[in-house]
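Each remark here refers to the structure printed beneath this line.
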Amino acid sequence: MKKIWLIIVFLLIATACNEIEEKVQLTESDTGEEAEVSEALPENDKEKEIEASDEVPEVAVADVPLFSFRDKESRKYGFFNKEGEVVIEPQFVYAADFSEGLGLVAIVEGSGPAEHGFIDVNGEFVIEPQFKRANSFSNGYAAVLKGAEYGYINPQGEMVIILEHLSGYQLIGHDDFSDGLARLGYRKTKTDPQQESEYFVAYINTNGEMIISPMYETGTYFNKGLALVHNEQTEYYIDTEGNVVMEFDQEEIFRCPFQEGLACVTENGKRGFINRDGEMVIEPRYDRVESFSNGLASVKKGESWGYINNEGEYLIEPQYSHAQSFSEGLAWVEIEGKWGLIDRTNQLLVDPIFDNALSFHGGLALVTVDEESWFINRSGDFIFSPLNNK
């Protein structure tokens, strides 16, 4: 089950979810039949690399013109804007936040399966519903499954890359492009029905050419030229040509791949960070760490969390029960069981009143207070309730 779970997390084509409590993902069943709806978690945002510096890095806010939400009564999805105004009424069985100018939606006609297409900000279909599964657009491509055909479309809806099964393997999923490469998921063809299924990852370029054949059990997306892959008890960092540039025993590597030029490692039960040359640049002295984001990493020492820069210096001393990663220049910290919002100077911008809080995306964040979910802006103003549609 562990291998199956990893392959689903890393590889099965995931509809890009907006960060609301009831996220959905259209996934392929084990038999390859029609798609099912199941809960899923969104992937972490891919951040920009920065150089070691005392300067505050420029923080980008994602360009999201419209956000998706699920109506409490109809259970259908629609879209609202940053002002909290519903601009596309709930009518879809699934919808994701707009990405690269288009919104991924799914409809069901009659008793048929869900079909995915893409709409513009006026709610008009630009690419008609025709896909069994689809991802939002990323780097100019959207990963889709049409019938039994896996591939990638351009913003005009043209299938520009068609994927094929390899001899001895069955293609079971594909992912978005990052650093010019995309992950594919394969299941090895069984020679004995009683044999346990084996799963592998591979990578292709934007021409559809296989750059790294299916030889690793799991693998992350490429970030600034490196991906973390796994075989048996060994973890490797590989470059975009498939060359192994670093190798670790599984106990040494904590699954925190390179972000902003640094990756997490474990030594004697403590965690630190290495650079792209494999050099230990922040000594392992923390009990827990998160990846770098917006120039900072949240770290736990003893019972408290704080933030360090990419030279290992504390910018915010350990003082919180928990501390999330920075996103769009802001971070959620836990104080006496509630979540509040701080900036890089540790100024408390929003009082700790929330039971749960997710990272900012496109200038908004989803929070839960008194069992109600709301989107709030950077000032802490309540903008929109996705589930209660207020």
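Under full-length UniProt numbering, the first residue of the sequence shown carries the number 1, and numbering increases by one thereafter. Note that beta-carbon positions come from the ideal geometry of N, C-alpha and C, so glycine has one too.
DSSP three-state call for residue i: helix, strand or coil?
i	result
R344	coil
E116	In the sequence under discussion, the amino acid at residue 116 is His, which differs from the Glu named in the question. Three-state DSSP puts H116 in a strand.
G295	coil
Q156	coil
C256	coil
Q324	coil
E267	strand
residue 405	Look at the range of the chain in this structure, 1 to 390, and you will see that residue 405 is not part of it.
V367	strand
Y221	coil
G78	strand
T234	strand
S373	strand
Q195	coil
P352	strand
L228	strand
P42	Reliability fails at P42, whose pLDDT of 31 lies under 50, so the model's placement of it is uncertain and no value is given.
R378	coil
L166	coil
N207	coil
E89	strand
L358	coil
P318	strand
R70	strand
V121	coil
E109	coil
S385	coil
E128	strand
G103	strand
For residue i, is the classification buried or exposed, using 16 other Cβ atoms within 10 angstroms of its Cβ as the cut-off for buried?
i	result
N135	buried
A148	exposed
K132	buried
E349	Per the sequence shown, residue 349 should be read as Leu rather than Glu. Exposed, because fewer than 16 other Cβ atoms sit within 10 Å of the Cβ of L349.
R75	exposed
Q324	buried
I101	A small fix is needed here, since residue 101 is Gly in this sequence, not Ile. Exposed.
E247	exposed
N294	buried
G110	exposed
H230	buried
G272	buried
H165	exposed
residue 395	Past the edges of the chain, shown from 1 to 390, lies residue 395, and the structure says nothing about it.
Y314	exposed
S167	exposed
G78	buried
M125	Per the sequence presented here, residue 125 reads as Phe, with Met not at that position. So F125 ends up on the exposed side.
Would you call the CB atoms of residue i and residue j closer than 8 Å?
i	j	result
N356	T345	no
T240	D179	yes
K270	R285	yes
residue 391	V244	Residue 391 cannot be examined here, being either before or after the span of the chain that is shown, 1 to 390.
L163	G173	no
E371	N310	no
G302	E317	no
L181	F118	no
I335	Y320	yes
F384	G84	yes
D71	P90	yes
A142	G362	no
G242	I212	yes
Y203	R187	no
F137	S197	no
L366	K82	no
residue 392	V289	Residue 392 lies beyond the residue range present for the chain, which begins at 1 and ends at 390; the question has no answer from this structure.
L226	R276	yes
I161	G208	yes
Heavy atom of the ligand MN less than 7 Å from the Cβ of residue i, yes or no?
i	result
S325	No copy of the ligand MN appears in this structure; indeed no ligand is present at all.
Assuming residue i and residue j form a contact by the criterion Cβ under 8 Å, report the distance between their Cβ atoms to the nearest whole angstrom.
i	j	result
L330	L341	6 Å
L104	A96	4 Å
F360	E328	4 Å
F80	V86	5 Å
K224	F258	6 Å
Q130	K146	6 Å
DSSP beta-bridge partners for residue i?
i	result
M215	In DSSP, M215 forms no bridge with anything.
V144	A134 and G151
F98	Its beta-bridge partners do not exist; DSSP assigns none.
H174	L184
E303	DSSP output for E303 lists no bridge partner at all.
E247	Y236
R288	K300
I335	K338
G261	Partner(s): none; G261 has no beta bridge.
V201	G185 and Y216
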